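Comments concern the structure below.
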Amino acid sequence: MTGTLPAGLREFYENPAVPVASGDERSRRQAVMLARVLPAEPSLVVDVGCGDGSAAATAGPLLGAHRIVGIDWSQDALRRAATRMNHVVRGELTSGGLPLTDASADAVLFSEVIEHLVDPDSALDELRRILKPGGHLMLSTPNLAAWYNRVLLAFGVQPVFSEVSLRGIHGRPGTQVVGHLRLFTARALRGFLTAAGFEVVTVAGAPFHGVPRPLRPLDRAACAAPSLASILLVHARRV
Numbered sequence: 018m019t020g021t022l023p024a025g026l027r028e029f030y031e032n033p034a035v036p037v038a039s040g041d042e043r044s045r046r047q048a049v050m051l052a053r054v055l056p057a058e059p060s061l062v063v064d065v066g067c068g069d070g071s072a073a074a075t076a077g078p079l080l081g082a083h084r085i086v087g088i089d090w091s092q093d094a095l096r097r098a099a100t101r102m103n104h105v106v107r108g109e110l111t112s113g114g115l116p117l118t119d120a121s122a123d124a125v126l127f128s129e130v131i132e133h134l135v136d137p138d139s140a141l142d143e144l145r146r147i148l149k150p151g152g153h154l155m156l157s158t159p160n161l162a163a164w165y166n167r168v169l170l171a172f173g174v175q176p177v178f179s180e181v182s183l184r185g186i187h188g189r190p191g192t193q194v195v196g197h198l199r200l201f202t203a204r205a206l207r208g209f210l211t212a213a214g215f216e217v218v219t220v221a222g223a224p225f226h227g228v229p230r231p232l233r234p235l236d237r238a239a240c241a242a243p244s245l246a247s248i249l250l251v252h253a254r255r256v
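Heads up, the sequence shown is in my numbering, so the first residue is 18 and it goes up one at a time.
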């Protein structure tokens, strides 16, 4: 996780019990999207909010000779990431907080991070700073309008992925608190990225590993319509 956080959130994200990885299927789909658009020559791919490095480990075999550098704010996450990645460094999503020069990165992986941020606008400004013109942003985040959330809301139930407390789950399915502060629909995410100076190229969907097993075939089928999918995968380019 990266960014400037109040003391309570900093303590929350440094707790080793708080998850810092998301599903392998999301990571694989995102890596495939990136591999398709990177040039043949070696490129610099920056995994911002790399967590424990599992996403980069999944992407590595698909990205070949491209160099992946992991950046995270959490020292605990970086210790774990160092066992899976060759290059990790501490950084924050503040103005100039990422340890890269302007227009130095060919691509940024931004996986399951934006929903945790107090100030996502400044975060995108920083990502845009380090990306080369035309550079690729591969962003993933939970979908507020996932197919099951539409059903839950119709019955007055708090949507999955949303949280009202850092101490416990209230009013929605699930038992694990993960610190989500922002949630997006596909339409909102498109508008947000466009306003931040990115051109949205593709929006795709990915399944959520936390869906109960009997419902997983339906969850995978929903990926065909990204606005209904559990996870939103976006490929955007820096304008």
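Ideal placement from N, C-alpha and C gives every residue a C-beta, glycine not left out. All figures in this text were calculated on a predicted structure; none of them were measured in a lab.
Practice item. Starting from residue 172, follow the beta strand (DSSP E) in both directions and report where the run begins and ends. Key: Here residue 172 is taken as the residue at index 155 of the sequence shown, counted from 1. Run containing residue 172: none; DSSP gives neither H nor E here.
Review point. When DSSP builds the beta bridges, which residues end up paired with residue 255?
Key: Position 238 of the sequence shown holds residue 255. BP columns for residue 255 point to 215.
Point to revise | Under the three-state DSSP convention, the category residue 197 falls into | key: As a working mapping, residue 197 is identified with position 180 in the sequence shown. If DSSP states are grouped into helix, strand and coil, residue 197 belongs with coil.
Review point. Start and end of the beta strand (DSSP E) containing residue 86?
Key: Position 69 of the sequence shown, counted from the first residue, corresponds to residue 86. Segment 84-89, the beta strand (DSSP E) holding residue 86.
Review point. Straight-line CA distance for residue 240 to residue 109?
Key: What you label residue 240 is simply residue 223 of the sequence shown in a count that begins at 1. What you label residue 109 is simply residue 92 of the sequence shown in a count that begins at 1. Looking at the two C-alpha atoms, the distance is approximately 32 angstroms.
Review point. Just curious, the alpha helix (DSSP H) that residue 49 is in, first and last residue?
Key: By one-based count along the sequence shown, residue 49 stands at place 32. Run containing residue 49: 41-54, per the alpha helix (DSSP H) assignment.
Practice item. Assuming residue 178 contacts residue 159 (C-beta within less than 8 angstroms), just tell me the rounded distance between them. Key: The count along the sequence shown starts at 1 and reaches residue 178 at position 161. The count along the sequence shown starts at 1 and reaches residue 159 at position 142. The Cβ separation is near 4 angstroms, so the contact holds.
Exercise for review: My understanding is that residue 67 touches residue 87, with C-beta atoms under 8 angstroms, so please give their C-beta distance in whole angstroms.
Suggested key: Counting from one through the sequence shown, the residue named residue 67 turns up at place 50. Counting from one through the sequence shown, the residue named residue 87 turns up at place 70. Residue 67 to residue 87, Cβ: 3 angstroms. Contact.
Exercise for review: Name the two residues that bound the continuous alpha helix (DSSP H) containing residue 75.
Suggested key: Counting from one through the sequence shown, the residue named residue 75 turns up at place 58. First-last of the alpha helix (DSSP H) with residue 75: 71-80.
Exercise for review: Mind checking which residues open and close the beta strand (DSSP E) that includes residue 150?
Suggested key: In the sequence shown, the residue the question calls residue 150 occupies position 133. Here the beta strand (DSSP E) through residue 150 covers 148-159.
Check your understanding: What's the C-alpha gap between residue 163 and residue 113?
Key -> In the sequence shown, counting from the first residue as 1, residue 163 sits at position 146. In the sequence shown, counting from the first residue as 1, residue 113 sits at position 96. Near 34 angstroms, if we compare the C-alpha coordinates of residue 113 and residue 163.
Practice item. Write down the C-beta distance between residue 207 and residue 217 rounded to the nearest angstrom, noting that I regard them as a contact closer than 8 angstroms. Key: Your numbering for residue 207 matches position 190 in the sequence shown. Your numbering for residue 217 matches position 200 in the sequence shown. Contact holds; Cβ gap of about 5 angstroms.
Practice item. Express the C-alpha separation of residue 107 and residue 100 in angstroms, rounding to a whole number. Key: Locating residue 100 in the sequence shown gives position 83, where the first residue counts as 1. Locating residue 107 in the sequence shown gives position 90, where the first residue counts as 1. Taking the straight line from one Cα to the other gives about 15 angstroms.
Review point. Bridge partners of residue 345, per DSSP?
Key: Nothing can be reported for residue 345: it is not among the residues displayed for the chain, which extend from 18 to 256.
Exercise for review: Using a threshold of 7 angstroms, state whether the C-beta atoms of residue 213 and residue 141 are closer than that.
Suggested key: Sequence index remark: in the sequence shown, residue 213 carries index 196 (1-based). Sequence index remark: in the sequence shown, residue 141 carries index 124 (1-based). Against a cut-off of 7 angstroms, the Cβ pair of residue 141 and residue 213 comes out as a contact.
Exercise for review: Note down the Cα distance separating residue 143 from residue 229, rounded to an integer number of angstroms.
Suggested key: In the sequence shown, counting from the first residue as 1, residue 143 sits at position 126. In the sequence shown, counting from the first residue as 1, residue 229 sits at position 212. Distance between the alpha carbons of residue 143 and residue 229: 37 angstroms.
Practice item. Could you tell me which residues DSSP pairs with residue 62 in its beta bridges? Key: Within the sequence shown, the letter at position 45 stands for residue 62. DSSP output for residue 62 lists 85, 124 as bridge partner(s).
Review point. How far does the beta strand (DSSP E) with residue 107 in it reach, from first residue to last?
Key: Here residue 107 is taken as the residue at index 90 of the sequence shown, counted from 1. It spans 105-107 - the beta strand (DSSP E) in which residue 107 sits, taken as one unbroken run.
Check your understanding: By Cβ distance, which residues of its chain are closer than 8 angstroms to residue 138, with the 5 residues on each side in sequence left out?
Key -> On the sequence shown, residue 138 is found 121 positions in, with the first residue counted as 1. 213, listed in sequence order.
**Study point:** 8 angstroms Cβ shell around residue 122 - same chain, five flanking residues per side excluded
**Key:** Counted from its first residue, the sequence shown places residue 122 at position 105. Once the five neighbours on either side are set aside, the close Cβ partners of residue 122 are 61, 62, 63, 147, 148, 149, 152.
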